[in-house]
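S.K.: Protein chains in written order, with my numbering: chain A, 2 to 277; chain B, 2 to 277.
Please find one structure pasted underneath; my questions will follow.
Number of protein chains: 2
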Amino acid sequence: MHIKPDCIGCLLNQSLKVSKLLELDDDTSKKILDRSAEILIDHDLSDTPPQIAKDIYQAISAITGEEDPVSLSKERATREAMKIDTSFVQSIPDALKLSVIGNVIDFGAQNQFDLQETIQKQFGLSFAIDDGEAFMRELEKAREIVIIGDNTGEHVFDKLLIEMIQKEYDVLVHYFVRGTPIINDVTVKEAQLLSDCAHIVDTGVETPGYDLEEANAASREIFDRADIVLAKGMGNFESLYQQAERDIYFLFIVKCTVVAQAIGQEIKEMIFKRSF
Amino acid sequence: MHIKPDCIGCLLNQSLKVSKLLELDDDTSKKILDRSAEILIDHDLSDTPPQIAKDIYQAISAITGEEDPVSLSKERATREAMKIDTSFVQSIPDALKLSVIGNVIDFGAQNQFDLQETIQKQFGLSFAIDDGEAFMRELEKAREIVIIGDNTGEHVFDKLLIEMIQKEYDVLVHYFVRGTPIINDVTVKEAQLLSDCAHIVDTGVETPGYDLEEANAASREIFDRADIVLAKGMGNFESLYQQAERDIYFLFIVKCTVVAQAIGQEIKEMIFKRSF
Chain A
2 MHIKPDCIGC
12 LLNQSLKVSK
22 LLELDDDTSK
32 KILDRSAEIL
42 IDHDLSDTPP
52 QIAKDIYQAI
62 SAITGEEDPV
72 SLSKERATRE
82 AMKIDTSFVQ
92 SIPDALKLSV
102 IGNVIDFGAQ
112 NQFDLQETIQ
122 KQFGLSFAID
132 DGEAFMRELE
142 KAREIVIIGD
152 NTGEHVFDKL
162 LIEMIQKEYD
172 VLVHYFVRGT
182 PIINDVTVKE
192 AQLLSDCAHI
202 VDTGVETPGY
212 DLEEANAASR
222 EIFDRADIVL
232 AKGMGNFESL
242 YQQAERDIYF
252 LFIVKCTVVA
262 QAIGQEIKEM
272 IFKRSF
Chain B
2 MHIKPDCIGC
12 LLNQSLKVSK
22 LLELDDDTSK
32 KILDRSAEIL
42 IDHDLSDTPP
52 QIAKDIYQAI
62 SAITGEEDPV
72 SLSKERATRE
82 AMKIDTSFVQ
92 SIPDALKLSV
102 IGNVIDFGAQ
112 NQFDLQETIQ
122 KQFGLSFAID
132 DGEAFMRELE
142 KAREIVIIGD
152 NTGEHVFDKL
162 LIEMIQKEYD
172 VLVHYFVRGT
182 PIINDVTVKE
192 AQLLSDCAHI
202 VDTGVETPGY
212 DLEEANAASR
222 EIFDRADIVL
232 AKGMGNFESL
242 YQQAERDIYF
252 LFIVKCTVVA
262 QAIGQEIKEM
272 IFKRSF
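Right under this line is the structure:
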């Protein structure tokens, strides 16, 4: 998905958000914002938001000297997610919903809200688009599934989804992760948690979305041959929307007007759609 | 008031807002955002938000060829304000409150909300800081008052304030306006509405706030000698805070975290404070 003018201010604000998270002084924050502004000027409207986010986060790393600037937030999100009582998840559709709700865990938030309560509240809502039935039918015949991970923290719920699927079906699950720390996205390091139920695949991708141009050959081959690909979160949607030739199940929460307009839905809606 | 890192994204988003208001195509919007980003890089943390806003709006004018890009919104805001039944305003303190509430009229808003209802609701709230008593005492002895206008639309309510003051006191009111169209700020053109009750003063200032460095000699002289100066809106606060040597009554609604932090108040609070 190409950026729209709205994405520009949004991407700049992400730099500010990281500056605050790292408690940087005003001068360093200004340096980061200036460099981000330069990056935004250098990119044109044919790039995707994740492609630009990659450059911005690399600049933040270079300026701060932090290879993984939000590592502490990632650890906190994982801890919080692991505390959740998930006994209410009784089926694969339940697990799909918890997995997408995990996407509301914001890396910048201090988790001062009651996560369990937030999840229960969101769990009572329906998907705006729900291709769950098609997914269940495809599962019957599937041998290999790809799940493209998104944020750290929600990967705890992805694990539950994989376990629920494997309880009923004999499938190999490949769990795709980013090739390098980018925002709070799950990498090989965080994904170790899933190593007993899934084949962790380092995609080599440095953008916060599975960008086909960046994907290494190994992940591309699995991506192409898998019976089912399930891409989580808005970053993967932005990278794959209208790019991939194969069918993909997109599982995400609409978080901005640009994506909302692209798919004709509202902000905050939960989406589970087999290709767009 | 110097900018903080938060102001950078906010100023960029104002460019986007104007782009949308003018219904510009994506390429022109990108051009405006790129130029705005350059301007933000060129300014450092010692500048005020209105100083940067001036450069951004001049760039928008240059790119679009519109000398007053939001002129239609200004006309609409004035029309909407003039429709309001203000019979509930019975005193100078009432008029002060309506005058600051006028500051919620957003130039970008389509006025789809019920303005009368919004005003009545806000009118029931109290000022977070209210130096109204000191103001009334000073009015007793005042001969010349300066009111520094802010947004077009709210100037209709400023007129009512001036009329209420003049009903009780024999004072000359100088109404300060910007020297050129900048955002939706009131200029000589819009201020004609007040010419029968106030002396309209073109300050020559091109920033969306009465910047002392830009003010022409005529307005500076009146500013220095007036018995009372009342500066409206956040732009004037940002330009004058810790800059002016004389006492000023600041009358505004807190609209952002940066100003909220500077004065130790919350967003949305109404402020009427004799100097800071």
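For every residue, glycine included, the Cβ atom is placed at its ideal position computed from N, Cα and C.
What you are looking at is a predicted structure, and each value in this text was computed from that prediction instead of being measured.
Mind the definition here: the segment 60-68 of chain A touches the segment 12-31 of chain A only if three or more C-beta pairs lie below 8 Å; say whether that holds.
M.R.: The segment 60-68 of chain A, when compared against the segment 12-31 of chain A, does touch it at the 8 Å Cβ threshold.
S.K.: When Cβ atoms are compared, which residues of the segment 23-48 of chain B fall closer than 8 Å to chain A?
M.R.: Residues passing the 8 Å Cβ filter: Asp27, Asp28, Ser30, Lys31, Leu34, Asp35, Ala38, Glu39, Leu41, Ile42, Asp45 and Leu46.
S.K.: Can you find a C-beta in chain A that's less than 8 Å from the C-beta of Pro70/B?
M.R.: So no, Pro70/B is outside the interface.
S.K.: Thinking just about the alpha-carbon of each residue, which of Glu239/A, Ser220/A, Gln121/A and Pro70/A is nearest to the one in Arg179/A?
M.R.: Closest by alpha carbon: Ser220/A.
S.K.: Cβ of Gln120/A within 8 Å of Cβ of Ile85/A?
M.R.: Here residue 120/A is Ile; the residue named in the question, Gln, does not match the sequence. Against a cut-off of 8 Å, the Cβ pair of Ile85/A and Ile120/A comes out as a contact.
S.K.: What residues match up with Val172/A in a beta bridge as DSSP calls it?
M.R.: Looking at the DSSP assignment, Val172/A forms no beta bridge with any residue, so it has no partner.
S.K.: Taking Gln15/A as the reference, give the member of Pro6/B, Glu267/B, Ile201/B and Pro50/B with the closest Cα.
M.R.: Looking at the Cα atoms, Pro6/B is the closest of the given residues.
S.K.: Where Gln52/B and Ser20/B are concerned, what is the direct C-alpha to C-alpha distance, given to the nearest angstrom?
M.R.: Gln52/B and Ser20/B: Cα-Cα distance of roughly 20 Å.
S.K.: Which same chain residues end up closer than 7 Å to Tyr58/B when comparing Cβ atoms and leaving out the 5 residues on each side of it in sequence?
M.R.: Excluding positions up to five away in sequence, the list reads Ile183 and Ile184.
S.K.: Between Asp7/B and chain A, is the shortest Cβ-Cβ distance under 8 Å, so that the two count as touching?
M.R.: Chain A, which has a Cβ nearer than 8 Å to the Cβ of Asp7/B, makes this yes.
S.K.: Using 8 Å as the threshold, is the C-beta distance between Ile9/A and Leu34/B below it?
M.R.: A contact, by the Cβ cut-off of 8 Å.
S.K.: Could you tell me the boundaries of the alpha helix (DSSP H) in which Tyr1/A lies?
M.R.: Limits of chain A in this structure are 2 at one end and 277 at the other, which puts residue 1/A out of reach.
S.K.: Between which two residues does the alpha helix (DSSP H) carrying Ala60/B extend?
M.R.: Pro50 to Thr65 is the span of the alpha helix (DSSP H), which, as asked, contains Ala60/B.
S.K.: Write down every uninterrupted run of the alpha helix (DSSP H) in the segment 216-271 of chain A whose length is 4 residues or greater and which is fully enclosed by it, in chain order.
M.R.: Counting whole runs of 4 or more residues, the segment 216-271 of chain A contains the alpha helix (DSSP H) stretches 218-226, 234-241 and 258-264.
S.K.: What does Asp203/A pair with, by DSSP beta-bridge criteria?
M.R.: Val178/A, per the DSSP bridge assignment.
S.K.: Output needed in chain order: residues of the segment 156-180 of chain B with a Cβ under 7 Å from some Cβ in chain A.
M.R.: Residues: none.
S.K.: Only counting the same chain, and skipping five residues up and downstream in sequence, which positions put a Cβ closer than 7 Å to that of Phe1/A?
M.R.: Nothing can be reported for residue 1/A, as the shown portion of chain A is limited to 2 through 277.
S.K.: Going by DSSP in three states, Val147/B sits in which element: helix, strand or coil?
M.R.: Residue state, collapsed to three classes: strand.
S.K.: What is the DSSP secondary structure of Asn152/B, reduced to helix, strand or coil?
M.R.: Three-state DSSP puts Asn152/B in a strand.
S.K.: In or out: Asn292/B buried (at least 16 other Cβ within 10 Å) or exposed?
M.R.: In the structure as shown, chain B begins at 2 and stops at 277. Residue 292/B is therefore absent and cannot be evaluated.
S.K.: Pull up the CB-CB distance for Ala216/A and Gly205/A, whole angstroms please, since I reckon it's below 8 Å.
M.R.: At roughly 6 Å, the Cβ-Cβ gap stays under 8 Å, so Ala216/A and Gly205/A are in contact.
S.K.: Taking 8 Å as the threshold, find out whether the segment 65-82 of chain A comes into contact with the segment 34-50 of chain A through three or more Cβ pairs.
M.R.: Not touching, per the Cβ criterion.
S.K.: Would you tell me roughly how many angstroms separate the C-alpha atoms of Lys122/A and Arg247/A, rounded to the nearest one?
M.R.: Straight-line Cα distance between these residues: approximately 34 Å.
S.K.: Residues of chain C with CB closer than 7 Å to the CB of Gly10/B, please, in chain order.
M.R.: The structure shown contains no chain C; the protein chains it does contain are A and B.
S.K.: List the endpoints of the continuous alpha helix (DSSP H) containing Lys21/A.
M.R.: Pro6 to Leu22 is the extent of the alpha helix (DSSP H) around Lys21/A.
S.K.: Helix, strand or coil for Ile183/A? Go by DSSP, reduced to three states.
M.R.: It is coil, neither helix nor strand.
S.K.: Between the alpha carbons of Ala78/B and Lys32/B, how many angstroms are there, rounded?
M.R.: Each residue's Cα considered, the two are about 28 Å apart.
S.K.: Looking at the C-beta of Ser220/A, does it have a partner C-beta in chain B at a distance below 8 Å?
M.R.: Chain B, which has no Cβ nearer than 8 Å to the Cβ of Ser220/A, makes this no.
S.K.: Given that Ser20/A touches chain B, what residues does it touch there, using C-beta distances under 7 Å?
M.R.: Under the 7 Å cutoff, chain B gives Pro6.
S.K.: DSSP on Ile102/A, reduced to helix/strand/coil?
M.R.: Helix, per DSSP.
S.K.: Can you tell me whether DSSP reads Asp197/A as helix, strand or coil?
M.R.: If DSSP states are grouped into helix, strand and coil, Asp197/A belongs with coil.
S.K.: Here's a check: name, in chain order, each residue in its chain whose Cβ is nearer than 6 Å to the Cβ of Pro94/B, leaving out the five neighbours to either side.
M.R.: The residues are Gly133.
S.K.: By the three-class DSSP mapping on this structure, what secondary structure does Phe158/A have?
M.R.: Phe158/A falls in the helix class under three-state DSSP.
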